[in-house]
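Q: Residue numbers (the numbering used here), protein chains in the order written: chain A, 185 to 321; chain B, 635 to 777.
Virtual Cβ for every residue (Gly too), placed ideally from N, Cα, C.
For clarity, every value in this text was computed on a predicted model and none was experimentally measured.
(1) Could you run through the segment 276-295 of chain A and flag, in chain order, every residue whose CB is less than 8 Å away from some CB of chain B?
(2) Among the candidates A:300, A:297, A:265 and A:250, whose CA atom is the shortest distance from the CA of residue 191 of chain A?
(3) By Cβ distance below 8 Å, which residues in the same chain neighbour residue 806 of chain B in space, the five residues on each side in sequence not counted?
(4) Within 10 angstroms of its Cβ, does residue 272 of chain A collect 16 or more other Cβ (buried), or is it exposed?
(5) Measure the C-alpha to C-alpha separation of residue 323 of chain A and residue 207 of chain A and round it to an integer number of angstroms.
(6) Whose C-beta lies closer than 7 Å to the C-beta of residue 774 of chain B among residues of the same chain, with five residues either side of it excluded?
(7) Using a Cβ cut-off of 7 Å, pull out every chain A residue sitting near residue 733 of chain B, in sequence order please.
(8) For residue 730 of chain B, would you say it is in contact with chain A, using Cβ-to-Cβ distances shorter than 8 Å as the test?
(9) I'd like to check one pair, residue 277 of chain A with residue 257 of chain A: are the Cβ atoms closer than 8 Å?
(10) Between the Cα of residue 224 of chain A and the Cα atoms of A:186, A:300, A:253 and A:268, which residue gives the shortest distance?
(11) Sort out for me which residues DSSP pairs residue 192 of chain A with in a bridge.
(12) Determine the burial state of residue 712 of chain B: buried for a count of at least 16 other Cβ atoms within 10 Å of its Cβ, exposed for fewer.
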């Protein structure tokens, strides 16, 4: 089965202490280890103003993680566990492997096309754009 | 284009005015106004950005009205393919409270990435936030 690539963002309440967040990250890690997945990257964006009130809060601590797995059920389990946590007020998982595959394919195609054309100058990006616009993919 | 109401100037979208486009009016001999826009290129095509990241609220907020609505293609000059990806990205960002569903996106900022462990970004003002967080026991847990 192909490896899937997910983005997980969750928002914790603004005054959550560091240990709580570590605990939640630990829960995510633990679930991934159980169900066969891997946390690729963890980023903490810190306290950020929310665009609208969530659970009566105007700010929240954003945490972003990238997860690779071959088992899709891992995500349902993760979301179930995050829902139970009091500190987490919002979460979102997005599946990104198809998008990234498509992006890589397009960029490879673009590079091949650019390499095939004889370059007159050192090909600055605005010069490449009309070429690309002319060859509608 | 036939005017939708008498006295209409322009195409009628947002009452004939765009936020970013500069329209010039020329009067034809018949007295009707003709509007043309200066040539707009798709920003994403120029920058060769195939994947529109929903996490970049600063980029996405350029394509969103003051009230939070997504700007149409004819206002921003985005090509069709990227407009579709943009819509998806904006909706994802709205779900995760990076962009508002309605209202000004003026408060959006690019995420400040802090490595876990070096997390000292809590401002003391956050603790003294006027809205008291209700006791977790009082509200039913989610799910």
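A: With the structure as the only source:
(1) 276, 278, 283, 284, 286, 287, 290, 291 and 294
(2) Looking up residue 191 of chain A in the first chain gives position 7. Cα-wise, what sits closest to residue 191 of chain A is A:250.
(3) One cannot answer for residue 806 of chain B here, as it falls past the ends of chain B, which runs 635 to 777.
(4) By one-based count along the first chain, residue 272 of chain A stands at place 88. Buried: at least 16 other Cβ atoms inside 10 Å.
(5) A question about residue 323 of chain A goes unanswered here, because the residues of chain A that appear run from 185 up to 321.
(6) Here residue 774 of chain B refers to the residue found at position 140 when the second chain is read from its first residue. Since pLDDT at residue 774 of chain B reaches only 42, below the 50 mark, its modelled position is unreliable, and the value read off the structure follows with that caveat. Nothing listed; no residue qualifies.
(7) Taking the first residue of the second chain as 1, we reach residue 733 of chain B at position 99. Ordered by position in chain A, the residues that pass the 7 Å Cβ test against residue 733 of chain B are 235.
(8) One-based indexing of the second chain puts residue 730 of chain B at position 96. Yes, because at least one Cβ of chain A sits closer than 8 Å to the Cβ of residue 730 of chain B.
(9) Residue numbering aside, residue 257 of chain A sits at position 73 when the first chain is read from its first letter. Residue numbering aside, residue 277 of chain A sits at position 93 when the first chain is read from its first letter. It is not a contact, given that the beta carbons lie outside the stated cut-off.
(10) Position 40 of the first chain holds residue 224 of chain A. Comparing Cα-Cα distances from residue 224 of chain A to each of A:186, A:300, A:253 and A:268, the minimum goes to A:253.
(11) Translated into the one-based positions of the first chain, residue 192 of chain A becomes position 8. Answer is A:249 and A:277.
(12) Counted from its first residue, the second chain places residue 712 of chain B at position 78. Looking at its Cβ environment, which holds 16 or more other Cβ atoms inside 10 Å, residue 712 of chain B is buried.
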